[in-house]
Amino acid sequence: MSDLHPSREIVVVGAGPAGLQAALAAHDAGARVTLVDASPEAGGQIWRGGHPPSRIAARLLGRLRDSPVQFLRGCTIVDAPKPGQLLAMHDGNPLWLSYHRLVLATGARERFLPFPGWTLPNVLGVGGIQALAKGGLDLAGKRVVVAGSGPLLLSVAASLPLYGAQVPVIAEQASLSHLVRFALGLRYLPGKIPEALQLAWRLQPLRFQAATYPVRAHGDMRLTAVTLRSADREWTVDCDYLACAFGFVPNLELAELLGCTVREGFVVVDNWQQTTAPDVYCAGEPTGIGGAEKAMAEGAVAGLAAALLPEDANSPVSRNLHSQAAPHLARRARCHHFAQVLERSFPLRPELRDLPLPETTVCRCEDVPLIHLEGCSSWRDAKLQRRLGMGHCQGRVCGAATEFLLGWPMQSVRPPLSPVPVRLLAAAALAKADDSNPHPQTRPGQ
Amino acid sequence: MKHPDAIVIGAGIVGASCAERLSADGQRVLVLEAEVVGSGATAAGMGHVVVMDDNEAEFALTRYARQLWLECAHQLPAAAEWEPVGTLWVAADDEELDAARGKCAFYRSQGCRADLLSAQDLYRAEPKLRPGLAGGLLVHDDAVTYPPPVAAWLLERARNRGAEVRTGVRVQALEGGTLRLMNGDSLQAGLVVVAAGAASLRLIPGLPLQPRKGHLAITDRAPGFVHHQLVELGYLKSAHGSALESVAFNVQPRATGQLLIGSSRQFGQTGAEIHHALLSRMLQRAIDYLPGLADLSILRTWTGFRAATPDKLPLIGPAPDREQVWLATGHEGLGITTSLATGQILADLVAGRTPGIDPTPYAPARFLSAEDERSSIPEAADVHFH
Ligand SMILES: Cc1cc2nc3c(=O)[nH]c(=O)nc-3n(C[C@H](O)[C@H](O)[C@H](O)COP(=O)(O)OP(=O)(O)OC[C@H]3O[C@@H](n4cnc5c(N)ncnc54)[C@H](O)[C@@H]3O)c2cc1C
Ligand SMILES: Cc1cc2nc3c(=O)[nH]c(=O)nc-3n(C[C@H](O)[C@H](O)[C@H](O)COP(=O)(O)OP(=O)(O)OC[C@H]3O[C@@H](n4cnc5c(N)ncnc54)[C@H](O)[C@@H]3O)c2cc1C
Numbered sequence: 001m002s003d004l005h006p007s008r009e010i011v012v013v014g015a016g017p018a019g020l021q022a023a024l025a026a027h028d029a030g031a032r033v034t035l036v037d038a039s040p041e042a043g044g045q046i047w048r049g050g051h052p053p054s055r056i057a058a059r060l061l062g063r064l065r066d067s068p069v070q071f072l073r074g075c076t077i078v079d080a081p082k083p084g085q086l087l088a089m090h091d092g093n094p095l096w097l098s099y100h101r102l103v104l105a106t107g108a109r110e111r112f113l114p115f116p117g118w119t120l121p122n123v124l125g126v127g128g129i130q131a132l133a134k135g136g137l138d139l140a141g142k143r144v145v146v147a148g149s150g151p152l153l154l155s156v157a158a159s160l161p162l163y164g165a166q167v168p169v170i171a172e173q174a175s176l177s178h179l180v181r182f183a184l185g186l187r188y189l190p191g192k193i194p195e196a197l198q199l200a201w202r203l204q205p206l207r208f209q210a211a212t213y214p215v216r217a218h219g220d221m222r223l224t225a226v227t228l229r230s231a232d233r234e235w236t237v238d239c240d241y242l243a244c245a246f247g248f249v250p251n252l253e254l255a256e257l258l259g260c261t262v263r264e265g266f267v268v269v270d271n272w273q274q275t276t277a278p279d280v281y282c283a284g285e286p287t288g289i290g291g292a293e294k295a296m297a298e299g300a301v302a303g304l305a306a307a308l309l310p311e312d313a314n315s316p317v318s319r320n321l322h323s324q325a326a327p328h329l330a331r332r333a334r335c336h337h338f339a340q341v342l343e344r345s346f347p348l349r350p351e352l353r354d355l356p357l358p359e360t361t362v363c364r365c366e367d368v369p370l371i372h373l374e375g376c377s378s379w380r381d382a383k384l385q386r387r388l389g390m391g392h393c394q395g396r397v398c399g400a401a402t403e404f405l406l407g408w409p410m411q412s413v414r415p416p417l418s419p420v421p422v423r424l425l426a427a428a429a430l431a432k433a434d435d436s437n438p439h440p441q442t443r444p445g446q
Numbered sequence: 001m002k003h004p005d006a007i008v009i010g011a012g013i014v015g016a017s018c019a020e021r022l023s024a025d026g027q028r029v030l031v032l033e034a035e036v037v038g039s040g041a042t043a044a045g046m047g048h049v050v051v052m053d054d055n056e057a058e059f060a061l062t063r064y065a066r067q068l069w070l071e072c073a074h075q076l077p078a079a080a081e082w083e084p085v086g087t088l089w090v091a092a093d094d095e096e097l098d099a100a101r102g103k104c105a106f107y108r109s110q111g112c113r114a115d116l117l118s119a120q121d122l123y124r125a126e127p128k129l130r131p132g133l134a135g136g137l138l139v140h141d142d143a144v145t146y147p148p149p150v151a152a153w154l155l156e157r158a159r160n161r162g163a164e165v166r167t168g169v170r171v172q173a174l175e176g177g178t179l180r181l182m183n184g185d186s187l188q189a190g191l192v193v194v195a196a197g198a199a200s201l202r203l204i205p206g207l208p209l210q211p212r213k214g215h216l217a218i219t220d221r222a223p224g225f226v227h228h229q230l231v232e233l234g235y236l237k238s239a240h241g242s243a244l245e246s247v248a249f250n251v252q253p254r255a256t257g258q259l260l261i262g263s264s265r266q267f268g269q270t271g272a273e274i275h276h277a278l279l280s281r282m283l284q285r286a287i288d289y290l291p292g293l294a295d296l297s298i299l300r301t302w303t304g305f306r307a308a309t310p311d312k313l314p315l316i317g318p319a320p321d322r323e324q325v326w327l328a329t330g331h332e333g334l335g336i337t338t339s340l341a342t343g344q345i346l347a348d349l350v351a352g353r354t355p356g357i358d359p360t361p362y363a364p365a366r367f368l369s370a371e372d373e374r375s376s377i378p379e380a381a382d383v384h385f386h
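In the order they appear, the protein sequences are chains A and B. The first sequence lines up with residues 1 to 446 when you count with the working numbering. The second sequence lines up with residues 1 to 386 when you count with the working numbering.
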């Protein structure tokens with residue numbers, strides 16, 4: 001068959017719903033696939049650590065296990081020095097990966113916005129507390145206030161009682177009218193998520209508060225209570241944990257390092273999930289926040305296209321690719337509709353910009369309070385003059401916050417994409433000098 | 001500002017220093033900066049304030065400059081992270097220790113506080129250094145700073161004397177004393193100071209400047225890991241090689257407890273990307289001297305460009321063949337150190353005063369006169385330092 005490229009080497013970064021689908025689809029289409037994930041477990045934010053796993057997760061993870069797709073767990077991409085090449089940290093050692101085509105499925109992280117007390121111990125992310133609960137954090141008898149924005153609030157709040165926690169209140173900052181529109185939009189969404197959400201909604205009618213947001217977390221060494229506000233009303237709720245996040249921010253660092261065009265906060269892709277960087281595809285949250293269904297549909301399209309699109313952009317796309325991709329393209333179209341509904345339903349209210357006080361910490365790594373940003377003109381100015389974003393997380397947290405608070409787009413990603421031992425970068429060049437054939441490191445034998 | 005007396009192009013630490021000194025003389029100064037204050041080499045460099053003795057003119061300039069730093073150190077804002085840590089030149093073997101001895105004698109003869117360290121003294125000062133080193137030279141009054149806030153502080157002083165600083169304004173071309181801006185506007189002043197770092201070449205084609213790329217890496221916090229700016233004396237041995245790229249051991253303790261690791265040099269490179277082979281060599285060199293460094297984490301790596309002249313000395317003074325245009329650039333790997341001296345010398349010359357040191361070695365005219373004279377300018381030894 002003319003469109004099979006048995007030697008085509010594909011690397012997929014991220015083993016969440018998008019990456020798993022991409023890897024399996026590319027493999028089914030005949031490519032040699034390496035799937036990498038920084039975490040020791042496949043499944044991404046949503047499926048990792050789920051016991052028992054959801055049906056769809058179990059199916060995909062099972063297929064991965066049974067396939068010859070090479071899965072490198074605990075493998076973090078730290079640099080993309082030139083086209084066709086990635087530097088990773090794998091088991092603490094440098095590893096060079098070569099690819100003909102690359103699929104980015106790097107997902108998203110939670111958006112944290114600063115308010116007084118947000119840095120107290122036991123103030124966590126919404127996905128964060130779920131991950132900790134899955135990992136064994138003892139929540140029995142604990143009171144967990146869930147606050148912030150987005151459908152994740154509901155699904156996590158619905159799951160917390162399973163761990164013995166009480167959820168005294170779910171505070172969603174979006175207004176009721178927005179949420180009603182969201183609920184109506186849900187019927188366009190394929191799959192199980194809307195049902196779960198609607199269930200959660202029905203189960204917790206009294207505790208769910210729309211147009212409500214945290215204004216202060218109380219406590220000295222640890223959290224004791226949180227003050228919420230809705231319109232002119234403020235009240236304080238005692239709690240042991242505050243799970244709080246304001247939607248998601250896509251993980252764009254690798255895409256930016258690769259030079260992919262980013263517009264309005266998301267990676268620009270074409271119909272085949274191709275970015276503007278040659279041979280780089282992207283699927284899932286980095287192209288637009290839309291959840292697992294969208295991620296899977298895009299992942300499948302990206303995997304197929306990476307495996308089957310001809311090298312020459314002017315050659316015709318094979319019928320084979322068209323027919324294999326058709327169902328995924330249709331599903332993707334429905335999901336994109338949902339993503340639009342999602343985006344319109346949870347706009348961040350401007351009042352959230354007024355929550356931090358002058359002394360409230362904005363950059364946790366470097367202890368930069370809001371007042372220190374006064375007089376700065378841009379992210380880079382604040383970085384150079386006030387150490388904003390200079391620390392361990394390199395602006396992963398405060399970048400999204402200052403973008404919302406001050407309208408500063410965060411600039412400039414530099415390697416390493418996450419902190420790595422000096423030893424590793426010192427050995428990196430050697431590790432590469434050792435390779436004599438073109439793609440040795442992608443197949444070290446499992 | 002409608003009619004400035006002087007326009008300074010570039011708000012790196014050198015332009016900031018020029019603006020500060022000119023404004024102190026009562027000039028109405030306008031500073032134009034393409035990006036934000038201190039964002040060029042000033043943000044990328046190591047911030048080691050150091051007296052160097054590769055040649056007489058370099059020594060004179062760096063010593064004078066360090067004196068100016070010491071005089072204003074107590075006024076610097078906290079963000080400048082001024083740390084008088086001194087420089088510890090590490091001698092790996094007896095040959096290097098001999099060099100250290102010579103260096104020590106010279107510094108002392110010139111009134112710079114310096115001490116020769118035995119191997120024992122060396123390990124007492126820096127226990128994390130690898131065993132088997134011969135000793136070292138401690139130069140006491142050298143220091144470390146974080147330059148961007150220093151540039152901001154200098155400009156704040158200038159502003160308090162009526163200067164104006166415009167950021168996000170790129171000068172596109174320079175025609176006599178007339179500046180054309182990116183947005184089409186033009187500006188004029190009786191004095192135009194080009195302090196655009198390595199980019200000065202774009203404004204004045206033909207300047208004897210070459211970008212020299214350097215790599216740096218910063219670690220996570222590890223307070224107390226080392227106590228001085230550590231530099232290998234090994235560079236003296238490889239000094240005369242004309243290698244297109246080289247690395248040296250150069251580690252700096254930051255006020256934050258982080259370590260800044262240098263250094264590399266490359267000619268003929270203009271892209272900001274990281275060169276892994278070189279970065280690896282640079283880091284391996286650092287680990288060779290400080291084995292414990294291997295396990296610290298690197299948060300970020302980056303590159304910067306030094307503006308190098310053939311004789312490694314800066315260009316300070318009137319631009320030949322260009323009325324009204326003055327230069328303050330070409331500071332290579334020492335522009336943080338020499339920034340304060342540059343501003344002072346330039347202002348002295350503009351005002352017709354006699355500068356604190358002889359300015360002729362830095363006069364741009366040394367390059368730009370007759371062709372035959374230019375070719376007689378000796379290329380300085382390729383001394384590898386910052
Ligand atoms: C003493 C010292 C200590 C430091 N400590 C730390 C630290 O603790 N943590 C830390 O993170 N950093 C630290 N730094 C590094 C510093 O924050 C920057 O990384 C450094 O200024 C180098 O900048 P950069 O190359 O990363 O460029 P950036 O800061 O990323 O800036 C590059 C600029 O160029 C622009 N740019 C890039 N590419 C293009 C293009 N193609 N076209 C147009 N414009 C472009 C960008 O928009 C940006 O404005 C330190 C630096 C020094 C000197
Ligand atoms: C890796 C490295 C390590 C170093 N270590 C040290 C050290 O330890 N000690 C030391 O003393 N020195 C060190 N240096 C050297 C030092 O950083 C530089 O010499 C110094 O920063 C030069 O300052 P500057 O103001 O001349 O240039 P820059 O800081 O580059 O400033 C020039 C400014 O002009 C602006 N500009 C450019 N073109 C235009 C235009 N057309 N219009 C308007 N604005 C414009 C730029 O945006 C920039 O802000 C190091 C350099 C590097 C690269």
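We put the CB at the ideal spot given by N, CA and C, even for glycine.
Exercise. Say yes only if the C-beta of residue 77 of chain B is nearer than 7 Å to one or more non-hydrogen atoms of ligand 3, and no if none qualify.
Key: Ligand 3 is absent from the structure shown, which contains only ligand 1 and ligand 2.
Practice problem: Consider the Cβ of residue 312 of chain A: report whether some Cβ of chain B lies at a distance smaller than 8 Å. | Solution: no
Quiz item: DSSP three-state call for residue 233 of chain B: helix, strand or coil?
Solution: helix
Quiz prompt | Bridge-paired residues (DSSP) for residue 236 of chain A | solution = A/227
Self-check item: Under 9 Å by beta carbon: chain B residues contacting residue 392 of chain A
Solution: 220, 221, 297, 299
Quiz item: From residue 337 of chain B to residue 308 of chain B, what does the alpha carbon distance come to, in whole angstroms?
Solution: 15 Å
Quiz prompt | Inter-residue spacing [alpha-carbon to alpha-carbon] between residue 72 of chain A and residue 306 of chain A | solution = 19 Å
Quiz item: Checking contacts by CB at 8 Å: is residue 47 of chain B closer than that to chain A?
Solution: no
Self-check item: Whether residue 126 of chain B touches residue 230 of chain B by CB criterion (8 Å)
Solution: yes
Self-check item: Alpha carbon of residue 334 of chain A to alpha carbon of residue 340 of chain A, nearest angstrom
Solution: 10 Å
Quiz item: Within 8 Å (strictly less), CB to CB, does residue 381 of chain A reach chain B?
Solution: yes
Quiz item: Is the beta carbon of residue 13 of chain B within less than 7 Å of some heavy atom of ligand 2?
Solution: yes
Quiz item: At a CB-CB cut-off below 8 Å, which residues of chain B make contact with residue 422 of chain A?
Solution: 217, 219, 261, 283, 286, 287, 293, 294, 295, 296, 297, 298
Self-check item: Contacts around residue 275 of chain A, its chain only, beta-carbon distance under 8 Å, and the 5 residues preceding and following it disregarded
Solution: 104, 255, 258, 260, 261, 267, 268, 269, 281, 282
Self-check item: Close Cβ partners of residue 451 of chain A (< 6 Å) along its chain, the five nearest in sequence each way excluded
Solution: With chain A covering 1 to 446 only, the question about residue 451 of chain A has no answer from this structure.
Quiz prompt | Whether residue 365 of chain A touches residue 337 of chain A by CB criterion (8 Å) | solution = no
Quiz prompt | Contacting residues, own chain, Cβ-Cβ under 8 Å from residue 387 of chain A (five flanking each side not counted) | solution = 363, 366, 368
Exercise. Give me the Cα-Cα distance between residue 190 of chain B and residue 323 of chain B, rounded to the nearest whole angstrom.
Key: 9 Å
Exercise. Output yes if chain B places a C-beta closer than 8 Å to the C-beta of residue 426 of chain A; else output no.
Key: yes
Practice problem: Using 7 Å as the cut-off, classify the Cβ of residue 203 of chain B as near or not near the heavy atoms of ligand 2, replying yes or no. | Solution: yes
Self-check item: Beta-carbon spacing of residue 152 of chain B, residue 411 of chain A below 8 Å
Solution: no
Practice problem: Compute the minimum distance between the beta carbon of residue 33 of chain B and the heavy atoms of ligand 2, and state whether it is under 7 Å. | Solution: yes
Quiz item: Using a C-beta cutoff of 8 Å, does residue 430 of chain A count as contacting chain B?
Solution: yes
Exercise. Compare the C-alpha of residue 427 of chain A against each of A/94, A/224, A/46 and name the closest.
Key: A/94
Self-check item: Through-space distance from residue 47 of chain A to residue 54 of chain A, alpha-carbon basis
Solution: 8 Å
Quiz item: Does the segment 109-125 of chain A come close enough to the segment 25-40 of chain A that 3 or more CB-CB pairs lie under 8 Å?
Solution: no
Quiz item: Just curious, the alpha helix (DSSP H) that residue 59 of chain B is in, first and last residue?
Solution: 56-72
Quiz item: Can you round the beta-carbon distance between residue 252 of chain A and residue 286 of chain A to whole angstroms, since I take them to be within the 8 Å contact cut?
Solution: 6 Å
Practice problem: Check residue 432 of chain A in the structure and name its three-state DSSP category. | Solution: helix
Quiz item: chain A partners of residue 43 of chain B, CB-CB under 8 Å?
Solution: 384
Quiz item: Do you know whose CA, among A/330, A/140, A/379, A/176, lies nearest residue 159 of chain A's CA?
Solution: A/140
Quiz prompt | Stretch pair the segment 160-173 of chain B + the segment 273-284 of chain B: three plus CB contacts closer than 8 Å | solution = no
Quiz item: Going straight from the alpha carbon of residue 353 of chain A to that of residue 109 of chain A, what length do you get?
Solution: 20 Å
Quiz item: Is the closest heavy atom of ligand 2 to the C-beta of residue 335 of chain B under 7 Å?
Solution: yes
Quiz prompt | Touch test, the segment 418-432 of chain A against the segment 288-306 of chain B, Cβ-Cβ under 8 Å, three pairs minimum | solution = yes
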